[in-house]
Amino acid sequence: MSQTRRQQLAARFREFLPGESVIDQPTSLAAYECDGLSAYRQKPLLVLLPQDTAQVQQIMRLCHEQRLPVVSRGAGTSLSGGALPHAEGVVLSLAKMNRILQVDELSRSAVVEPGVRNLAISEAVQSKGLYYAPDPSSQIACSIGGNVAENAGGVHCLKYGLTLHNILALKVVGADGELFEIDQRCLHRDGYDLMPLLVGSEGMLGIVVEVTVKLLPIPRCARVVMGVFDSIEAAGNSVAAIIAEGIIPAGVEMMDNPAIRAAEDFVHANYPVEAEAILICELDGTEEEVVAQIELVEQVLNKGGAVETRLAKDEAERLLFWSGRKAAFPAVGRISPDYYCIDGTIPRKALAAVLTGVRELSEHYGLPVANVFHAGDGNLHPLILYDANNEGELEKTEELGSKILQLCIHHGGTITGEHGVGIEKIGEMCIQFSDSERNQFHALRECFDPLKILNPGKAIPTLARCAEHNAMHVHDGKLPFPELERF
Numbered sequence: 001m002s003q004t005r006r007q008q009l010a011a012r013f014r015e016f017l018p019g020e021s022v023i024d025q026p027t028s029l030a031a032y033e034c035d036g037l038s039a040y041r042q043k044p045l046l047v048l049l050p051q052d053t054a055q056v057q058q059i060m061r062l063c064h065e066q067r068l069p070v071v072s073r074g075a076g077t078s079l080s081g082g083a084l085p086h087a088e089g090v091v092l093s094l095a096k097m098n099r100i101l102q103v104d105e106l107s108r109s110a111v112v113e114p115g116v117r118n119l120a121i122s123e124a125v126q127s128k129g130l131y132y133a134p135d136p137s138s139q140i141a142c143s144i145g146g147n148v149a150e151n152a153g154g155v156h157c158l159k160y161g162l163t164l165h166n167i168l169a170l171k172v173v174g175a176d177g178e179l180f181e182i183d184q185r186c187l188h189r190d191g192y193d194l195m196p197l198l199v200g201s202e203g204m205l206g207i208v209v210e211v212t213v214k215l216l217p218i219p220r221c222a223r224v225v226m227g228v229f230d231s232i233e234a235a236g237n238s239v240a241a242i243i244a245e246g247i248i249p250a251g252v253e254m255m256d257n258p259a260i261r262a263a264e265d266f267v268h269a270n271y272p273v274e275a276e277a278i279l280i281c282e283l284d285g286t287e288e289e290v291v292a293q294i295e296l297v298e299q300v301l302n303k304g305g306a307v308e309t310r311l312a313k314d315e316a317e318r319l320l321f322w323s324g325r326k327a328a329f330p331a332v333g334r335i336s337p338d339y340y341c342i343d344g345t346i347p348r349k350a351l352a353a354v355l356t357g358v359r360e361l362s363e364h365y366g367l368p369v370a371n372v373f374h375a376g377d378g379n380l381h382p383l384i385l386y387d388a389n390n391e392g393e394l395e396k397t398e399e400l401g402s403k404i405l406q407l408c409i410h411h412g413g414t415i416t417g418e419h420g421v422g423i424e425k426i427g428e429m430c431i432q433f434s435d436s437e438r439n440q441f442h443a444l445r446e447c448f449d450p451l452k453i454l455n456p457g458k459a460i461p462t463l464a465r466c467a468e469h470n471a472m473h474v475h476d477g478k479l480p481f482p483e484l485e486r487f
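Just so we're aligned, residue 1 is where the sequence shown starts under our numbering, counting upward by one.
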């Protein structure tokens with residue numbers, strides 16, 4: 001699109017936005033050219049930073065009139081390219097809408113704008129003995145609007161659920177600028193349940209401008225036990241064994257040796273660097289409940305082959321154990337020029353088999369993989385280490401990532417647990433879902449956005465794109481990569 005067109009549109013938006021809220025200079029636009037998936041970059045036509053809901057509505061009305069693509073953006077921590085700009089569209093940044101509007105202790109809820117940081121909610125209500133449960137590893141930076149868009153999880157999602165399970169109400173601006181609300185504070189509701197449709201829709205159905213979140217009482221007691229294993233398969237099997245005992249931990253996380261070493265070098269969390277794998281299991285509740293459950297979990301770990309169990313002696317050590325897990329991604333970034341984070345989910349019973357498959361695929365491609373994931377709900381985060389400066393290595397990394405995701409599908413899992421599809425997993429959507437299923441996805445989208453201006457080209461592939469993908473990769477209806485069959 002021409003520079004003249006950019007200037008004309010910028011002038012239209014400046015009619016109702018402050019001058020500094022319309023970014024149109026190429027050097028400034030570069031700051032928005034990618035999200036956390038930095039392998040893909042694209043400068044937008046314009047970046048807009050509204051300060052309130054009324055301005056968002058005005059922006060969407062003008063974009064609807066001009067048929068301008070709109071990519072909404074929070075903190076830009078997405079790892080699937082969900083906030084990758086459109087070359088002929090605008091980035092609608094919600095960073096300035098960052099106020100906590102209301103805290104209601106009686107109903108244990110808070111009303112926040114989409115630009116509020118995840119961790120800031122818990123910090124704001126800590127003095128009241130409350131907190132917001134979903135805690136992605138990026139919670140220090142990620143925004144609640146982005147969490148809603150991707151249905152983010154975190155280390156405590158096993159017991160307390162994903163973003164969807166902790167949202168009570170939403171205010172959303174539609175593609176045509178109209179404002180609508182979804183409220184689930186009443187147990188009995190008429191009409192269709194739109195909340196599960198909007199949460200996780202990756203900015204393709206509307207712009208979230210206000211979120212009412214559920215707050216929980218801070219647990220009276222929380223303790224962490226670490227299981228140390230000399231076999232990654234034994235660690236994986238122990239996760240299912242813990243759940244089979246009827247225990248629902250606050251969180252169960254797993255790290256393999258490469259991840260352990262990277263985290264220990266970075267954070268010094270007192271991790272056993274010779275271990276093949278560790279499990280970090282947190283129990284919370286009353287003192288009596290936690291003591292009884294810790295004892296049972298230690299028995300399960302020892303029976304499952306743990307060579308050692310370590311119980312955090314106090315709150316400081318509990319936080320230290322978690323610090324290594326929370327910092328695992330940046331820790332891996334210190335030891336490799338680049339890394340590619342995969343996000344797939346599998347049934348817990350398949351953990352050991354899938355981890356074995358990932359290891360064999362890693363060896364086949366000659367690319368190291370560090371495994372860090374939410375073991376309790378089967379959400380894998382293999383980190384593929386590579387160097388984008390080496391010709392062809394990114395493409396090889398992407399192919400390995402695709403095989404890992406297909407391995408998840410093969411075991412009854414799915415291609416994403418919390419990072420979304422974005423542009424990263426478009427091809428795998430062609431494998432997981434049939435043409436008829438994707439047709440239903442498109443039909444739903446058109447109900448909200450008939451012009452398809454909201455985040456176009458993301459999450460849901462067209463039938464033509466899938467036909468092209470399958471012609472390149474699928475043969476005789478079998479898995480695209482026959483070597484996966486043995487897993």
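All residues carry an ideal CB built from backbone N, CA and C; glycine is no exception. Keep in mind that this is a model prediction, so the values were computed, not measured.
Inter-residue CB distance, residue i and residue j (contact presumed, cutoff 8 Å)
i	j	result
leucine 279	leucine 311	Actually they do not touch by this definition, with Cβ atoms about 13 Å apart.
leucine 380	threonine 345	7 Å
glycine 236	cysteine 281	At roughly 14 Å, the Cβ-Cβ gap does not stay under 8 Å, so glycine 236 and cysteine 281 are not in contact.
alanine 152	leucine 454	That pair is no contact at about 19 Å.
leucine 351	valine 239	6 Å
leucine 385	leucine 367	7 Å
glycine 304	alanine 250	About 20 Å separates the two Cβ atoms, so there is no contact after all.
cysteine 408	arginine 438	Going by Cβ atoms, the distance from cysteine 408 to arginine 438 rounds to 19 Å, so no, they are not a contact pair.
serine 80	lysine 425	6 Å
aspartate 256	alanine 370	7 Å
alanine 331	alanine 443	44 Å between Cβ atoms; not a contact.
valine 47	valine 91	5 Å
glutamine 184	leucine 158	With 8 Å as the limit, glutamine 184 and leucine 158 do not qualify as a contact, their Cβ atoms being about 22 Å apart.
8 Å Cβ cutoff met for residue i and residue j
i	j	result
leucine 119	glutamate 88	no
valine 297	glycine 376	no
tyrosine 160	alanine 124	no
histidine 86	valine 103	no
leucine 198	alanine 110	no
alanine 149	serine 201	yes
glycine 378	glycine 422	no
glycine 74	glycine 145	yes
valine 208	phenylalanine 321	no
Terminal residues of the alpha helix (DSSP H) in which residue i lies
i	result
cysteine 63	53-66
histidine 442	435-448
phenylalanine 266	257-267
glutamate 202	Here glutamate 202 belongs to no alpha helix (DSSP H), and DSSP marks it neither H nor E.
arginine 12	3-13
cysteine 408	393-410
alanine 277	Element bounds for alanine 277: not the alpha helix (DSSP H) but the beta strand (DSSP E), 277-285.
tyrosine 160	157-160
leucine 119	118-125
alanine 459	Per DSSP, alanine 459 belongs to no alpha helix (DSSP H) and is neither H nor E.
asparagine 147	144-150
Residue i - containing beta strand (DSSP E), residue span
i	result
leucine 46	46-48
lysine 171	167-173
proline 495	Given that the chain is displayed from residue 1 to residue 487, the structure contains no residue 495 and the question cannot be resolved.
isoleucine 384	382-386
Cα-Cα separation between residue i and residue j, rounded to whole angstroms
i	j	result
leucine 9	tyrosine 365	47 Å
valine 291	alanine 222	10 Å
glutamate 245	glutamine 293	10 Å
tyrosine 192	threonine 163	19 Å
proline 50	alanine 83	17 Å
leucine 68	glycine 115	23 Å
threonine 4	glutamine 42	19 Å
cysteine 142	valine 173	21 Å
alanine 471	serine 122	49 Å
histidine 410	glycine 36	27 Å
valine 358	alanine 277	14 Å
asparagine 166	arginine 220	20 Å
glutamate 210	cysteine 186	18 Å
serine 434	glutamate 105	46 Å
glycine 420	proline 337	24 Å
proline 482	lysine 403	For proline 482, the predicted model reports a pLDDT of 46, less than 50, meaning its position is unreliable; a value from the coordinates is still stated below. Distance between the alpha carbons of proline 482 and lysine 403: 10 Å.
arginine 61	tyrosine 40	29 Å
proline 258	glycine 427	29 Å
valine 241	serine 28	Note on residue identity: the sequence assigns alanine, not valine, to residue 241. Distance between the alpha carbons of alanine 241 and serine 28: 52 Å.
arginine 117	tyrosine 339	25 Å
isoleucine 232	leucine 170	41 Å
alanine 459	methionine 429	8 Å
glutamate 274	proline 382	19 Å
leucine 17	valine 155	39 Å
isoleucine 218	aspartate 284	10 Å
Legend entry - Minimum length 3: unbroken beta strand (DSSP E) runs contained in the region 62-113: 70-73, 90-93, 100-104, 109-112
Legend entry - beta strand (DSSP E) runs wholly inside the region 175-222, at least 3 long, in chain order: 179-183, 207-214
Legend entry - Start-end ranges of the beta strand (DSSP E) lying completely within the region 307-376, minimum 3 residues: 308-311, 338-341, 369-374
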